[in-house]
Amino acid sequence: MSRAISPETRINLERTSALLINDNPQGLDILSSIVQGFGLKEQIKCASPDDARGVIKRRPVDLILVECASAAESSEFVRWLRREGPKTSAFTPVIILTGHASESFVSQSRNCGASFIVAKPLTPMILLQRILWLTKDQREWVECDTYVGPDRRVRNYGPPLGMAGRRAGDLSAEVGVALEPNMDQSDIDMLMKPQRVAL
Numbered sequence: 027m028s029r030a031i032s033p034e035t036r037i038n039l040e041r042t043s044a045l046l047i048n049d050n051p052q053g054l055d056i057l058s059s060i061v062q063g064f065g066l067k068e069q070i071k072c073a074s075p076d077d078a079r080g081v082i083k084r085r086p087v088d089l090i091l092v093e094c095a096s097a098a099e100s101s102e103f104v105r106w107l108r109r110e111g112p113k114t115s116a117f118t119p120v121i122i123l124t125g126h127a128s129e130s131f132v133s134q135s136r137n138c139g140a141s142f143i144v145a146k147p148l149t150p151m152i153l154l155q156r157i158l159w160l161t162k163d164q165r166e167w168v169e170c171d172t173y174v175g176p177d178r179r180v181r182n183y184g185p186p187l188g189m190a191g192r193r194a195g196d197l198s199a200e201v202g203v204a205l206e207p208n209m210d211q212s213d214i215d216m217l218m219k220p221q222r223v224a225l
């Protein structure tokens, strides 16, 4: 899932606005320093999800990073954002940061509609990779009675074998009869060899 970033890559998030939520003042300062290193100048710092709700009601942001001492607080904030927050902010990418990435916490975070969960200790490179991944995220948006957020399947392998898909885009696992003859080996070899172009 992670995409390696080459040392020569130049990243500039100067025009990105981020909402940083952390109920630990020292943790909030560290997170702010990390994203400032990415060139992200417009940061709105909040010491609680309640403060963040007030910000979201006043203005949209491009990215939300949230870490609360209570996993329930982080999840409740994201659930509120997806279901009850302003429509302009419902689709905002949200990364939940945690120092306790237990299976139950990860499941709770995925099920509230978070875009990503990043376990600590946090390194700038890991966080940057996740942010860049979200800029290219093409997952479908899902809205139903029990869930609102990006499709929880990061890799779409379709429905399990023997089961019908629940989504309109799910393809059948059945492989039909070939409609065209197979390629012969010489055709396959030509695809693998670099082609010479006359100048």
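Here the sequence shown stands for residues 27 to 225, numbered as in this note's numbering.
All C-beta atoms, glycine included, are put in the ideal place defined by N, C-alpha and C.
Computed from a predicted model, the values in this text were never measured in an experiment.
Restricting attention to 178, 42, 93 and 103, the CA atom closest to the CA of residue 67 is found in 42.
Close CB contacts of residue 101 within its chain, under the 7 Å cut and outside five residues either way in sequence, are with 134, 135 and 138 (chain order).
For residue 128, there are no CB contacts under 6 Å within the same chain when 5 residues up- and downstream are skipped. Residue nearest to residue 174 within the set 212, 76, 53 and 115 is 115 (criterion: CA-CA distance). For residue 73, the closest alpha carbon among the candidates 83, 215 and 91 is that of 91.
Put simply, the backbone Cα of residue 82 is about 7 Å away from that of residue 111. Taking all protein chains in view, the Cβ of residue 98 is surrounded by fewer than 16 other Cβ atoms within 10 Å, so the residue is classified as exposed. DSSP lists 91 and 142 as the beta-bridge partner residues of residue 121. 7 Å or more divides the Cβ of residue 104 from the Cβ of residue 45. Here residue 122 is buried, its C-beta having at least 16 other C-beta atoms within 10 Å.
In the structure shown, residue 174 adopts extended strand secondary structure according to DSSP, grouped into three states.
One thing to note: residue 56 has its Cβ no nearer than 7 Å to the Cβ of residue 78. Within the DSSP bridge table, the entry for residue 69 names 44 as partners. Burial state of residue 170 is exposed, judged by a 10 Å Cβ sphere holding fewer than 16 other Cβ atoms.
Take residue 63, set aside five residues on each side of it, and the residues of its chain with a beta-carbon closer than 7 Å to its own are 150, in chain order.
In this structure, 140 is the residue among 124, 96 and 140 with its C-alpha nearest to the C-alpha of residue 107. Sixteen is the threshold: when 16 or more other Cβ atoms of the shown chains lie within 10 Å of the Cβ of residue 118, as they do, the residue is buried.
In the three-state reduction of the DSSP assignment, residue 168 falls in the strand class.
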